[in-house]
Amino acid sequence: MGESGPMWLFMAPSVLVIALVLFYPFFSAVYYSFFNYYLGSQAITFAGLDNYTNLLSEERFWITLGNTFFIVGASVALQLVLGLALALALYACTRGVRLISLLNFLPHVVTPVVGGIFLKWMFVGRWGLIDATLIGFNIFPPDWLGDPGWAKFTVIMADTWKFMPFLMLVLYAGLQAFDTALLEAARIDGASPWQLLWYIILPMMKPLILFVVAIRTMDAFRFFDLIYVLTNGGPGTATETITLYTYQIGFRLLEVGRASALGVLTLIVVAIMVAALIWFMQRRGREAF
Amino acid sequence: MKPRYQATLLVLLSLFTFINLVPILWGLLISIKQPADAFSIPPTLIFEPTLLFHWEVWVERGFFSFLINSLIVAGGTICISVPLGTLAAYGLARTKTKHASTLLFSLLAIRMLPQILLAIPFFVMARYLSLIDTYLMMILAMVAINQPFTIWLMRSFFVDVPVELDEAAMIDGCNRWLAFWHVVLPTVRPGLAVTSLFSMLLAYNEFLFALILTGSRTKTLPVAIAEYGGEDINYWSISAAGAIGIMLPPVIFTILVQRHLIRGLTFGAVKG
Amino acid sequence: MAKTKIGRRAALGTALALPALNVRAQSEPVTLISHRYPALEWYADKMKSALPGVTVDARLMPSGDAGQLQRLQFSAASPGMDILWLNGSLMAFYAKNGWIEPLDDLIAKFKDEYKLGDINPTSLKGLSYDGKIYGLPLTTNTLMYAYREDVFAERKLQPPTTWEQQVEIAKQLHSPRRSGTTLSLKWDMPPYELSSVLNTVGDGWFDKDWRPIFQTEKGQKAIDLYKRLSAFAVPGFTSQANDENTVNFAQDVAATGQQWATRCATMDNPQRSKVVGKMQWAVPPGGRQALSTDGYAISKFSAKNKEMLFRILAKALDEESQRGAADLATPTRRAVLNDPAIQAKFRWYPAVSKCLEVGEPLPALAEFNEAGELACKRIVQAIIGQMPVKEALTTGAAEVTELLTRRGYYKG
Chain A
1 MGESGPMWLF MAPSVLVIAL VLFYPFFSAV YYSFFNYYLG SQAITFAGLD NYTNLLSEER
61 FWITLGNTFF IVGASVALQL VLGLALALAL YACTRGVRLI SLLNFLPHVV TPVVGGIFLK
121 WMFVGRWGLI DATLIGFNIF PPDWLGDPGW AKFTVIMADT WKFMPFLMLV LYAGLQAFDT
181 ALLEAARIDG ASPWQLLWYI ILPMMKPLIL FVVAIRTMDA FRFFDLIYVL TNGGPGTATE
241 TITLYTYQIG FRLLEVGRAS ALGVLTLIVV AIMVAALIWF MQRRGREAF
Chain B
1 MKPRYQATLL VLLSLFTFIN LVPILWGLLI SIKQPADAFS IPPTLIFEPT LLFHWEVWVE
61 RGFFSFLINS LIVAGGTICI SVPLGTLAAY GLARTKTKHA STLLFSLLAI RMLPQILLAI
121 PFFVMARYLS LIDTYLMMIL AMVAINQPFT IWLMRSFFVD VPVELDEAAM IDGCNRWLAF
181 WHVVLPTVRP GLAVTSLFSM LLAYNEFLFA LILTGSRTKT LPVAIAEYGG EDINYWSISA
241 AGAIGIMLPP VIFTILVQRH LIRGLTFGAV KG
Chain C
1 MAKTKIGRRA ALGTALALPA LNVRAQSEPV TLISHRYPAL EWYADKMKSA LPGVTVDARL
61 MPSGDAGQLQ RLQFSAASPG MDILWLNGSL MAFYAKNGWI EPLDDLIAKF KDEYKLGDIN
121 PTSLKGLSYD GKIYGLPLTT NTLMYAYRED VFAERKLQPP TTWEQQVEIA KQLHSPRRSG
181 TTLSLKWDMP PYELSSVLNT VGDGWFDKDW RPIFQTEKGQ KAIDLYKRLS AFAVPGFTSQ
241 ANDENTVNFA QDVAATGQQW ATRCATMDNP QRSKVVGKMQ WAVPPGGRQA LSTDGYAISK
301 FSAKNKEMLF RILAKALDEE SQRGAADLAT PTRRAVLNDP AIQAKFRWYP AVSKCLEVGE
361 PLPALAEFNE AGELACKRIV QAIIGQMPVK EALTTGAAEV TELLTRRGYY KG
């Protein structure tokens, strides 16, 4: 259609701002990934693909990538199920909806730096709220932050606590934009609640679900603040995600070149995942993307 | 049957809500206890509350001015980010060419790079432009980082609006712009509300960029609170008090937006 | 002069930073980027009133953030930071890179005016690198063996003289409710606590050519001992650091452990502690525990008058000021530290003095923070049983060697 002209005009201001502000930082990060660049020394030398090949041949890279997949997969899945359930429950509920949705949204409002401390006060050994309460009943709970398995669990719960409200609110807003007539019609036709959910509500919400899952996957890959405060990747490497590793290389070992390469690798991995997600949704229904 | 079902639902929802809120309530309790009581085993629920730390944070340590800074940054970000993002999202949602997907996807790529890698070049750029410790730099950074998300979120709302609506408006004599402004935009009001809310949260809560780009004139609340991360047990009480206070503006904003959400629902009937 | 320095740093496009080096700089406030704990708040306040007409803009934050911000300023050759807090390891790193000013000349010049001869030589040495002094020390902090005097009396125990004894004591005192010991192994902290064991049971961290020796047979013995000790530690010790340990003691969750001298005052504060008067401190088994000297330095990239900056630091650390902060941190001026009135006023001071005599700073390796992090990560894996001790230590040593090779060591 001869429409694309004015459509581009709609996009121009935004693209302009992004280009002006992010062009330099983004490309310099990519640029440095091809250099030996250590903040402590004056010299930076061209390294070609060395940073990349070194990382790919490193055991720790694969461990952190595995951790990231596990933590991201588990927490995004948990958030989606909980967030969707909550959104639907709110949609079905007739009273107190505004208050309940507001209260459930609060964890997302908490500033991330502080959210980590709040959760630490819950999970910390012995005098954290969970331990302190259970010890009051003479139950000695597991080591939430110090046992490799439980530490993963805790980190997943932490991410879920912080971001489930985001999914809840977006999905709830999506539900509200619905054509209620369609639902009514199906209900009159005798569809069970599960059928309504599966055949009408979920397909209609597909673009939004795609959106939140993709956004959350991307963000969870960069999930940082909470893990940093709670376990800092420990014990050992049990909860070390790829972003935490990037942080260690870039900000603590000060090897900006290697950290940038790791960042670009992360970007590629996430891009492939999101592309796959979009492709998957597209296959199921063209309108999704 | 029906009322009983509603009652069960309400009870379950309330229970879940309570559990969900425990970490925040616990933080609130810590902020009004002396540290010796705050971490006692088993937890004490009966204690002599103190507003000492709240007083210290907001009055003695001057957090109020950091709050103002945070609000300026958040407000500035919303005012620029949401309009720009909404326009772009509409453009994307109504473009049929393949380029649109490509553009959208490359926008998202920016969001996939760990932010800590952008921090160093951002600092260098801000220094070069002499924009360290200015609201402008912080707002621009937040807008730019926020754009991909804003666009994608708004786009998902526009996609839900049938194209026939625009077409009908244009047949009635509107041009593309007027169709967007008068017909399509009102139907995505819930989307606008939600998008503003998330833009606000992102800018208001940002830590890393605020640490690097702001200084004593423009320091935002998250940076100020994080300054009391530890090294003295009292600091924890201070950061708990700060953490509770910092939540108020976004909570108020959420309440305002909620009303809008409900109104948006009734307007949404246009779509039928 | 600053120009040539910056010129070489073309990488970051630092010519970019030049426009900011303008004349206006002198009238702008002096910027301090510092860690935050109560003593540092005190000294930052003193700086604000140190010189009439000079305003000091103090940015205090946790050491991790402060270090990050400092490195950012340095690597961009930015004049946006004039003075800074640092500890021994940061000092070595900054000094090696030529980011901070050597202070010897300034110290000599102002020696009489600010009575700088009174400053404890050990502390000055703690902030020296390659024979030059890079920081004006504000405190030398020491790890101490902290224990519950009441519990020890009840069981007729004495503070241990070997780490093997400490394992026994921890085992004896361990119960579900109150653990035998605290440990802090959050690995982004420099491995201070581990040093005490490695220095006495093991061979230490490095030999004189900076080759790692923490993986030697004795080193393995040290970590193995630490692993046995960890069975009686407060849960979650891999994610705990000084703050958590302070609460562990304050809430009666631990009976013994290593504690920094700066934390003693908290233990006797009824608003923060449930064990007021019950704690006692001693020299850790075998001594050679970590010391850490904190101080202030001047950035090479500051556009301000360096003498003026030095005067601010010296004034903030004068005798009167240190006297006022004596309960917050061990002073570096002998007139204050050895004052009988002060020694009597704070009941932990005698133990602190003993600890200062036998302690050892962390290795003066510019890359110690980085190397320590790599090593500590592996050591933690050994302690929690993710890896056998020997394998973990050899892996860690190989990683440290690899890092230091990359940084240009072992060339000859």
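Sequence order for the protein chains is A, B and C.
Under this note's numbering, think of the first position of the first sequence as 1, with each following residue one higher.
Under this note's numbering, think of the first position of the second sequence as 1, with each following residue one higher.
Under this note's numbering, think of the first position of the third sequence as 1, with each following residue one higher.
Glycine residues also receive a C-beta, built at the ideal position from the N, C-alpha and C atoms.
DSSP places N338/C outside any beta strand (DSSP E), giving it a letter other than H or E.
Listed along chain B, the residues sitting closer than 7 Å to N104/A by beta-carbon distance are T17 and N20. Counting only runs of 4+ residues, the alpha helix (DSSP H) found wholly inside the segment 345-378 of chain C occupies 349-358, in chain order. The Cβ of I209/A sits no closer than 7 Å to any Cβ of chain B. Contacts with chain C at 7 Å (Cβ-Cβ) include P235/A. Between P43/B and L265/A, the CB-CB gap reaches or exceeds 7 Å. Not flagged as an interface residue toward chain B: S230/C, since no C-beta distance is shorter than 7 Å. Taking 7 Å as the threshold, the shortest C-beta distance from L52/B to chain A does not fall below it. Counting only Cβ-Cβ distances below 7 Å, Y37/C has contacts in chain B at E231 and D232, in chain order. If only uninterrupted alpha helix (DSSP H) runs of at least 4 residues are considered, those enclosed by the segment 72-136 of chain B are 98-112 and 115-128.
The beta carbon of V400/C is closer than 8 Å to those of P212, A371, L374 and A375 in its chain, skipping five residues each way along the sequence.
Excluding sequence positions up to five before and after L107/B, its CB lies within less than 6 Å of the CB of P148, all in the same chain and listed in chain order. Within the segment 266-279 of chain C, T266, P270, Q271, R272, S273 and K274 place their CB atoms closer than 7 Å to a CB of chain B, listed in sequence order. Using a Cβ distance threshold of 7 Å, S239/C and T231/A count as a contacting pair. Within its own chain, the residues whose Cβ lies closer than 8 Å to the Cβ of F163/A, once the five positions on either side in sequence are excluded, are S75, Q79, H108, R216, D219 and A220, listed in chain order. By the C-beta density criterion, E164/B is exposed, having fewer than 16 other C-beta atoms within 10 angstroms. Here V21/A is actually not in contact with L136/B; their C-beta atoms are around 11 Å apart, not less than 8 Å.
Taking 7 Å as the cut-off, the beta carbon of L92/B is found closer than this to the beta carbon of R155/B. With respect to L106/C, F310/C sits close: the two C-beta atoms are nearer than 7 Å. The C-beta of G40/A comes no closer than 7 Å to any C-beta of chain B.
The alpha helix (DSSP H) runs of length 4 or more contained entirely in the segment 72-139 of chain C are, from start to end of the chain, 88-96, 104-109 and 121-126.
Residues of the same chain with a CB within less than 7 Å of the CB of L67/B, apart from the 5 flanking positions on each side, are L221 in chain order. For W62/A, the enclosing alpha helix (DSSP H) begins and ends at E59 to A92. A contact is defined here as three or more CB-CB pairs under 8 Å, and the segment 251-258 of chain B meets this definition with respect to the segment 104-121 of chain A.
The segment 283-299 of chain C and the segment 81-89 of chain C touch, with three or more beta-carbon pairs separated by less than 8 Å.
The Cβ-Cβ distance between Y52/A and I44/A does not fall below 7 Å. Across the set K219/B, E206/B, I110/B and A88/B, the C-alpha of A88/B shows the shortest separation from the C-alpha of W8/A. Beta-carbon to beta-carbon, A326/C and F346/C are separated by about 7 Å, close enough to satisfy the 8 Å threshold. Look at F223/A here: in three-state DSSP terms it is coil, with no helix or strand label. For I384/C, the chain A residues whose C-beta falls within less than 9 Å of its own C-beta are G146, D147, P148, G234, P235, G236 and A238, listed in chain order. A76/C and S28/A have their C-alpha atoms roughly 14 Å apart. Separation of Q258/C and K132/C (C-alpha to C-alpha, rounded to the nearest whole angstrom) is 31 Å.
Positions of the alpha helix (DSSP H) runs, each at least 4 residues long and wholly inside the segment 123-166 of chain A, are given as 129-136 in order along the chain. The continuous beta strand (DSSP E) containing H35/C extends over residues V30 to H35. Buried is the label assigned to Y247/A, since at least 16 other Cβ atoms lie within 10 Å of its Cβ. Our two residues, G136/A and I41/B, have alpha carbons roughly 7 Å apart in a direct line.
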